[in-house]
Amino acid sequence: MSESRSHAKILAFVGLPGSGKSEATEYLTAKGIPKVYFGGVILSALKDAGLEWSEATEKEFREEIRQREGKDFVVKRMVKEIHGLIDAGQRHIVADGLYSWTEYKILKHEFPGELIVVAIVAPRHIRHHRLTLRPIRPMTADEANARDWAEIESLEKGGPIAIADYFIHNDKDLVRLHAAIDMVLSETHFLD
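Oh and the sequence shown: position 89 is 425 in this note's numbering, straight run, nothing missing.
Structure representation (structure tokens):
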């Protein structure tokens, strides 16, 4: 880690689909904090491959590309993007959608003392309902359930959630989610 990177803080949100990661990220980007989006790597690669998005296509592609390119396919690109932001002078970065145990370990190694992992959790029925309502890539209840299983079994998402530094229980409204995020920002001195 170079001297120029010694004071960066990276807040990474982790959680199952519909937990509120994107809402949390949007709240911080509205405060002027730049973001990196883990899921964007897969969506971009899917588009580059000339494939049309569907939940089934994304799942198959996500698992196939990680098998072919390695479990670190996404995080290698995120590390470069984060270093680029830090090199450009950013000292506060939000990471939307840390997925796997492999990604967690690589980020902890690459950014020692700089990474704060926040798990956003909500009951399954609430998450699945949110997923049916979201304007971008909505899911049916069956698709949401299948996505949960895929993220837990194939992407090892349970590890980063279990070992998170902070937990936010997001089963109410955005006002309460934002208040919980503000509490984490305060406790971690993230914006200092």
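Glycine included, every Cβ here is placed at the ideal spot set by N, Cα and C.
| Asked | Found |
| --- | --- |
| My output table needs one value for F349: the three-state DSSP class, helix, strand or coil. | strand |
| Where does T438 land, buried or exposed, given buried means 16+ other C-beta within 10 angstroms? | buried |
| What's the C-alpha gap between V430 and D528? | 15 angstroms |
| Starting from D432, trace the beta strand (DSSP E) both ways and give me its first and last residue. | 428-432 |
| Given A360, which residues of its chain have a CB within under 7 angstroms of its CB, disregarding the five upstream and five downstream residues? | F349, I456, L513, I517 |
| Could you tell me which uninterrupted beta strand (DSSP E) segments, each at least 3 residues in length, are contained entirely in the stretch 348-378, listed from first to last along the chain? | 371-373 |
| What first and last residue would you give for the beta strand (DSSP E) that runs through F503? | 502-505 |
| When you compare each of E446, Y435, E388 to R402 by their alpha carbons, which one comes out closest? | Y435 |
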